[in-house]
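Same order as they appear, the protein sequences are chains A and B.
With the numbering used here applied, the first sequence corresponds to residues 1 to 331, in that order.
With the numbering used here applied, the second sequence corresponds to residues 1001 to 1331, in that order.
Ideal Cβ placement from N, Cα and C applies to all residues, glycine included.
Protein chains: 2
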Amino acid sequence: MNITITGGSGFLGQKLAHRLLDANAWSDSKGNFSKVEHITLLDVVNPSKELADNPRVTILTGDITETSLLEKAIPITTDSIFHLAAVVSAGAEEDFDLGMSVNLDATRTILDICRRHGTQPKVIFASSCAAFGGDMPSVIEDMTARTPQTSYGTQKVVGELLVNDYSRRGFVDGRALRFPTVVVRPGKPNKAASTFASSIIREPLQGHSAICPVSRESKMFLASPRSIIENIVRAHNISADDWGPSREVTLPGFSMSISGMEEALRNVAGNSVADRIKWQPDPFIQKIVDGWPPVFNTEKASALGFVKDSSMEDVINAFIEDELDGSKAAI
Amino acid sequence: MNITITGGSGFLGQKLAHRLLDANAWSDSKGNFSKVEHITLLDVVNPSKELADNPRVTILTGDITETSLLEKAIPITTDSIFHLAAVVSAGAEEDFDLGMSVNLDATRTILDICRRHGTQPKVIFASSCAAFGGDMPSVIEDMTARTPQTSYGTQKVVGELLVNDYSRRGFVDGRALRFPTVVVRPGKPNKAASTFASSIIREPLQGHSAICPVSRESKMFLASPRSIIENIVRAHNISADDWGPSREVTLPGFSMSISGMEEALRNVAGNSVADRIKWQPDPFIQKIVDGWPPVFNTEKASALGFVKDSSMEDVINAFIEDELDGSKAAI
Chain A
1 MNITITGGSG FLGQKLAHRL LDANAWSDSK GNFSKVEHIT LLDVVNPSKE LADNPRVTIL
61 TGDITETSLL EKAIPITTDS IFHLAAVVSA GAEEDFDLGM SVNLDATRTI LDICRRHGTQ
121 PKVIFASSCA AFGGDMPSVI EDMTARTPQT SYGTQKVVGE LLVNDYSRRG FVDGRALRFP
181 TVVVRPGKPN KAASTFASSI IREPLQGHSA ICPVSRESKM FLASPRSIIE NIVRAHNISA
241 DDWGPSREVT LPGFSMSISG MEEALRNVAG NSVADRIKWQ PDPFIQKIVD GWPPVFNTEK
301 ASALGFVKDS SMEDVINAFI EDELDGSKAA I
Chain B
1001 MNITITGGSG FLGQKLAHRL LDANAWSDSK GNFSKVEHIT LLDVVNPSKE LADNPRVTIL
1061 TGDITETSLL EKAIPITTDS IFHLAAVVSA GAEEDFDLGM SVNLDATRTI LDICRRHGTQ
1121 PKVIFASSCA AFGGDMPSVI EDMTARTPQT SYGTQKVVGE LLVNDYSRRG FVDGRALRFP
1181 TVVVRPGKPN KAASTFASSI IREPLQGHSA ICPVSRESKM FLASPRSIIE NIVRAHNISA
1241 DDWGPSREVT LPGFSMSISG MEEALRNVAG NSVADRIKWQ PDPFIQKIVD GWPPVFNTEK
1301 ASALGFVKDS SMEDVINAFI EDELDGSKAA I
C-alpha cells in the first residue's frame, strides 16, 4: 500500500506518518489488510531526520501549487492520499490569493490527478470547524449550513463539496473531516487565530509565560492530536458504504472555556505553572474567537465510531508524555 | 448605470433585460435612483432582434470560459452584473469538465475581474435549490446544510460560497439566489432534469402532447418566471446592510405535486388540454426528482420582502399572457 501525505512535515503530518509506519497492517475499504509499503511526505520543509532516514519514506519538498510536484507526489500507484497541507486561518485572511491557490486550487488539482489515474484512490481531506460562522444556532448539528466567515473556512467548505462530488462520480473515494481546534500543538505558534489555545498550555509547561488574548469566558471546541490522528486513520478505514452519500463529518471534540483550560492546567501542573498565563486582551482575536461556534452535536461521527477525548487533563497529560518526554521538569 | 447580464440571451436573461430597460429609474445600494444607461448581454447565442436593435444594448457572443471575453463584458464602468449563465443539471452531469469550467471557473473569473477593478460592483448570482439533496430533513430551512447530489448543485454551492467570501472581503457586493424550479419556461425543453415540469403545461396549451416522466405523486418546489424576475431585481436593490453577513437566500416558491399541476391546467384550460399530458414513467428522471427536496421554509426571503406566486393557476395564466399573446387558440 502506497500513501501520500501533503503537509507531511507538519506536526500532524509527521505524527500520522509515524502512526502509519508503525501499523503492521492496514485495512482497505473492503476490509482486507495490506501493509503500508511506502509513504511520500510532501511539504515546503523537511520532516524529522528519523522520518527522512526511513527507507519506506520518500521526501518531496516544494510548492504544492505546482501541478508537476503534485503529479510526482501522487503517482498512479498511490492507494491513499492524506491531504493535510493548508494555509491556515489568519494566513489565508492576510493573503487571499495564497489561500485560494493552496487551499482550493491545490485540492482540486489533487482530485483531478486522482481522476486521471482512474484508480479511485482514497482521499482524506482535512477540513475545519471554521466551516461554521455568522448567525448560527446555539448548537451546530451535522445538518447545519456551513456559513464560513473567513476565506480559510470558505476554501475548506469548497474542498468538502469537491471531495463529495468527486466521490459521488467515482473519481476518488473521499472523506472530508472537519477538525476542531487542535490542542496542544507542539513547537511554535502558527498563523492560526486559535494558536494561543495551545500556547497557554505548552509554554507554561516549559517554564515560559504565554499570553492569552481572549477572556476566560470564551469557549472553544477542542480535540487533542491523539484523537485527531486516531480519527484520521479511522476515516480512512471506514468503508465507502458506511459513509453513504455524504463524505463529510465534523470530528468529535469537547467544548471548553478558557478558564476550564486554565483550571485543567492547574490541576495537572500546579499553580506556579498555571500562573504563567498572562492575560492581555486583543479585541481582534477576541472577535474572531467569538465568531466560532463553541458547541457541536457530532452525531454522525459517533455513529461512525470516531473517538473523543475524555478530559482536558488527559489531553494535557498526553502532551507531556508525547512532546515533553513525560517530563514536567520546568514546573 | 451600466449592467452586464451573462446568459443574457436565455429566456430569463432576456426577460430581465426588458425589465431593466423598461424601468425608468433604478435604486442603487444607497437608495439613490439612477437610470439604466446600458446593458451588455453575454451569451453563446444572440438574443431577440428587438433587444439586439436597442441602442442601449450591446451584444457579446462567445464562450464564457474565455477570460478575455468576460473582461470585455465587464469593463471597469460596470455597476452591476447579473450572472445567470450556466450549464444546467443534466448537462453538467453529462460533461463534468464543461460544468466545472462554466459553472465554477467562469463564476470565479467574474468575481476576480470585479476584484481587480476595485469598484465593488454588485454581483447577482443565480444559484439553485439543487444545492440540497441526499439525506435531508422533511422541510429545508435557511440554515439547512447544502448537500448537493449533482455536479451542477455542487458547482452552484461553491459559487454561493465564493460570492459570500468576495463580498465579505469587499471585492464585490454580491447576492446569491437559490432558484426553485422555474415553470412555465417558454421555448424548447432544455437539458435540465426538471424540464418536463414546463413541458407538461407549455405543450398542451399549444395543442401538442407532452410526456410526464414522473408519477403524479411527485412533488416539486416551483416559482414562475414573473416572480423570479421580480426577485432578481429585488435582490439587486436590497441594501448591503439588509443582507447582513450571509449573501445567500433561497427564493420563495410553492410546493406542488404533479397531479396538482395537472389539475391547475385542467382548471385554466379544460379537459381536452390537460388530457394532452401523456404518462411515461422514466426511472432515471424519477430518481433525480425524488432526490430533490419538495418543501422549503424560506423565512429569510420573506423577511427581505421577496415575492411569492399566489397559485399554479395564476402561473399558467401569466404564461398564456406573456408567452402565448394571451391566446389559448389551440385549446
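I want to verify the contact list: residues of chain A whose CB lies under 9 Å from the CB of B:D1290, in sequence order.
The premise fails here: B:D1290 is roughly 13 Å from chain A at the closest Cβ pair, so nothing lies under 9 Å.
Does B:G1099 pass the burial test, meaning 16 or more other C-beta atoms within 10 Å, or should it be called exposed?
buried
Taking only three categories from DSSP, how would you classify B:T1150?
coil
Tell me whether B:L1098 sits in a helix, a strand or coil according to DSSP, three-state version.
helix
For A:W279, does the three-state DSSP call read helix, strand or coil?
strand
So with CB distances below 8 Å, who are the chain B contacts of A:F96?
R1169
Inter-residue Cα distance where the pair is A:T150 and B:F1306
28 Å
Mapping the DSSP letters down to three states, classify B:G1013 as helix, strand or coil.
helix
Got a sec: is the Cβ-Cβ distance from A:V57 to anything in chain B below 8 Å?
no
Chain B contacts from the region 137 to 149 of chain A (Cβ-Cβ distance under 9 Å)
P137, E141, D142, M143, T144, A145, R146, T147, P148 and Q149
Name the residues in the region 234 to 268 of chain A whose C-beta lies less than 9 Å from a C-beta of chain B; which are they?
G244, P245, S246 and E248
Residues in its own chain within less than 8 Å of B:S1259 by CB, not counting five upstream and five downstream?
R1216 and E1217
Can you confirm whether B:G1305, when its beta carbon is compared against all beta carbons of chain A, has any partner nearer than 8 Å?
no
Runs of alpha helix (DSSP H) lying entirely within the region 1065 to 1109 of chain B, each at least 4 residues, in chain order:
1067 to 1073, 1089 to 1094 and 1096 to 1099
Sort A:R168, A:V233, A:V249 and A:G62 by Cα distance to A:A176 and report the nearest one.
A:V249
Please list the terminal residues of the continuous alpha helix (DSSP H) segment that includes B:G1174.
Unbroken run through B:G1174 is the beta strand (DSSP E), D1173 to F1179; no alpha helix (DSSP H).
Might you give, ordered along the chain, the residues of its own chain that have their beta carbon closer than 7 Å to the beta carbon of A:A192, omitting 5 neighbours on each side?
V88, S89 and A90
Cβ contact (3+ pairs, closer than 8 Å) linking the region 1164 to 1176 of chain B and the region 1131 to 1148 of chain B:
no
Assuming B:G1153 contacts B:S1194 under a Cβ cut-off of 8 Å, what Cβ separation, rounded to an integer in Å, is found between them?
The pair is not a contact, with the Cβ atoms about 12 Å apart (cut-off 8 Å).
With DSSP run on the structure shown, which of helix, strand or coil describes B:D1022?
helix
For the region 151 to 162 of chain A, list every residue whose C-beta sits within 9 Å of some C-beta in chain B, in sequence order.
S151, G153, T154, Q155, V157, V158, L161 and L162
From the DSSP secondary-structure annotation, give me the bridge partner or partners of A:F306.
Partner(s): none; A:F306 has no beta bridge.
How about B:N1103: is its C-beta nearer than 8 Å to some C-beta of chain A?
no
Can you give the Cα-Cα distance for A:L51 and A:T77, rounded to whole angstroms?
21 Å
Between B:A1017 and B:V1045, how many whole angstroms is the CB-CB distance? I'm expecting something under 8 Å.
Incorrect: roughly 14 Å between the Cβ atoms, too far for contact.
8 Å Cβ cutoff, B:G1134 in contact with chain A:
yes
Does the region 1126 to 1140 of chain B come within contact of the region 1178 to 1193 of chain B, defined as at least 3 CB pairs closer than 8 Å?
yes
For A:N164 and chain B, any beta-carbon pair shorter than 8 Å?
yes
Contacting residues, own chain, Cβ-Cβ under 6 Å from B:E1323 (five flanking each side not counted):
P1186
What residues are listed by DSSP as bridge partners for A:S327?
For A:S327, which the question treats as bridged, DSSP gives no partner whatsoever.
Would you mind stating whether A:D41 and A:P225 have Cβ atoms separated by less than 8 Å?
Asp is not the amino acid found at residue 41 of chain A; the sequence shown has Leu there. Cβ distance not < 8 Å, so A:L41 and A:P225 don't count as in contact.
Only counting runs of 4 or more residues, tell me where the alpha helix (DSSP H) segments fall wholly within the region 1151 to 1230 of chain B, in order along the chain.
1151 to 1168 and 1196 to 1205
Give the single residue among A:T67, A:D242 and A:V184 whose Cα lies nearest to the Cα of A:D112.
A:T67
Going by C-alpha distance, which of A:V295, A:N271, A:S246 and A:P281 is nearest A:S255?
A:V295
Please report how far the alpha carbon of B:I1309 lies from the alpha carbon of B:D1053, in whole angstroms.
In the sequence as presented, Ile is not what sits at residue 1309 of chain B; that position holds Asp. One C-alpha to the other measures close to 32 Å.
For A:D43, the residue or residues it bridges with in DSSP:
A:T61
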